[in-house]
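Novice: Next up is a structure, given as structure tokens.
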Amino acid sequence: MNYQIINSFINKLDPELAHSLAIQFLKNLYIPLFQSKDDEILKINIFGKEFLNPIGLAAGFDKNAEVYDKMFALGFGYAEVGTVTPRPQEGNSKPRVFRLVEDEAIINRLGFPSQGLVKIKSRIETKRVEGILGINIGPNKDSVSRIDDYVECFKNFHNLCSYICINISSPNTENLRNFHEQDNLKKLLSEIFNIKKTLSSKTPVLLKISPDINDVDIDMICKNILEFNLDGLVLTNTSVKQREDLINKQKNETGGLSGAPIKETSNLIIKKFFKIIK
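Note that the sequence shown covers residues 1 to 278 in UniProt numbering.
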């Protein structure tokens, strides 16, 4: 069965159902059939960690740390699970994922569906497989203190992974992007690095940024990155803009846009950050 046939079948399914089926398939995948070996030339070293290759799995696919071990076996150089929230939550109501086939894009408004840190932590402790594992953390939708949620996740996961990614950029949790503002960002990073110091944690900390920012925002974020000696950035999350030239009739669905339409913007953001903090 070739790729075109499989892809045609998958595209007839509801996007979120297709994703769930993929997770179930991978959970039952017999690894030795697909075990891969990387060429030595592909190895890279980032924040003191050796990646077997630079191609990784972004957060959002394996939200609950169910199949990241299988992704390593399939050849990914790293895998980032999550976003993980302290308490279990369902996320936003369905439908919440939309394919824009003509635009080579997806719009999602998932809203951090998560099984919660207790269950996910137990799963990671049980698996304990080799590979660069990142854990993407975020707050519960109904949280009283979102900063406390980030801190709680950091405390529980810092010694179980290769790095922690602080997600402040999902457009699907109301006001989460307020952490792109100076006072809010500085307070969040202060608390994260205070607990990191208290725990004597050596785990690298990364920050996931929105593409919907301007040059003033970039300068401010860079100052905080340098002040707190952040280990890295994940650029970028999905966009709530750039719908004007889209073709698909679902283009105005609420949520974050990803895929080809935001490639140029994301690459420009990467260049701007690199120019300042290289």
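Backbone N, C-alpha and C fix where the C-beta goes; we use that ideal spot for every residue, glycine too.
Going by the CB atoms, is the gap between SER210 and THR236 shorter than 8 Å?
Specialist: yes
Novice: Could you tell me whether any non-hydrogen atom of the ligand NAP is closer than 7 Å to the CB of ILE262?
Specialist: Ligands displayed in this structure: none; no statement on the ligand NAP is therefore possible.
Novice: Nearest by alpha-carbon distance to residue 288: which of ASP69, ILE168, GLY77 and LYS49 is it?
Specialist: As shown, the chain starts at 1 and ends at 278. That puts residue 288 outside it, with no answer to give.
Novice: What residues match up with LYS208 in a beta bridge as DSSP calls it?
Specialist: ASN167 and VAL234
Novice: If you draw a straight line from the C-alpha of VAL67 to the C-alpha of ILE23, how long is it?
Specialist: So the alpha carbons of these two residues sit roughly 7 Å apart.
Novice: Could you give the distance in angstroms between the alpha-carbon of ILE225 and the alpha-carbon of LEU133?
Specialist: If I take the Cα positions, the gap works out to 22 Å.
Novice: Can you give, in chain order, each stretch of the alpha helix (DSSP H) that sits fully within the segment 74 to 146 and has at least 4 residues?
Specialist: Residue ranges of uninterrupted alpha helix (DSSP H) with 4 or more members, entirely inside the segment 74 to 146 and ordered along the chain, are 117 to 127.
Novice: Start and end of the alpha helix (DSSP H) containing GLU191?
Specialist: 182 to 198
Novice: So, with DSSP's three-state summary, where would you put ILE213?
Specialist: coil
Novice: How is the beta strand (DSSP E) around ASN45 delimited, first residue to last?
Specialist: 44 to 46
Novice: Note down, in chain order, each residue of its chain lying with its Cβ closer than 8 Å to the Cβ of LYS272, except the 5 sequence neighbours on either side.
Specialist: ASP215 and ILE218
Novice: So, helix, strand or coil for PHE274, using DSSP?
Specialist: helix
Novice: Would you call the CB atoms of ASP62 and VAL81 closer than 8 Å?
Specialist: yes
Novice: Expressed to the nearest angstrom, what Euclidean distance is found between the alpha-carbon atoms of ALA79 and LEU57?
Specialist: So the two alpha carbons sit approximately 5 Å from each other.
Novice: According to DSSP, is LYS49 part of a helix, a strand, or is it coil?
Specialist: strand
Novice: Using a Cβ-Cβ cutoff of less than 8 Å, which residues in the same chain neighbour ALA260 once the five nearest sequence positions on both sides are dropped?
Specialist: ASP103, GLU104 and ALA105
Novice: In whole angstroms, what is the alpha-carbon distance linking GLY116 and HIS158?
Specialist: 16 Å
Novice: Beta-carbon within less than 8 Å of LYS27's beta-carbon, same chain only, minus the 5 sequence neighbours each way: which residues are those?
Specialist: GLU66, VAL67 and LYS70
Novice: Along the alpha helix (DSSP H) that carries LEU26, what are the first and last residues, could you check?
Specialist: Per DSSP, LEU26 belongs to the alpha helix (DSSP H) from 15 to 27.
Novice: What does a CB cutoff of less than 7 Å around ASN178 pick up in its chain, not counting 5 residues either side in sequence?
Specialist: ASN184
Novice: On the criterion of 16 or more Cβ atoms from any shown chain inside 10 Å, does VAL144 qualify as buried, or is it exposed?
Specialist: Counting other Cβ atoms within 10 Å of its Cβ, VAL144 stays below 16 and is therefore classed as exposed.
Novice: Please state the DSSP three-state secondary structure of residue 281.
Specialist: Limits of the chain in this structure are 1 at one end and 278 at the other, which puts residue 281 out of reach.
Novice: Tell me the DSSP secondary structure of SER8 in three-state form.
Specialist: helix
Novice: Taking just the CA atoms, how far does ASP231 sit from LYS49?
Specialist: Rounded to whole angstroms, LYS49 and ASP231 show a C-alpha spacing of 11 Å.
Novice: Quick one, are the C-beta atoms of LYS208 and VAL234 less than 8 Å apart?
Specialist: yes
Novice: Could you check what DSSP says for SER201 in three-state terms: helix, strand or coil?
Specialist: coil
Novice: Once you ignore the five residues that flank PHE47 on each side, which residues in its own chain have a CB closer than 8 Å to its CB?
Specialist: TYR163, PRO204, ASP231 and GLY232
Novice: Going by DSSP, what residue range makes up the beta strand (DSSP E) through GLY259?
Specialist: 256 to 259
Novice: Please state the DSSP three-state secondary structure of LEU226.
Specialist: helix
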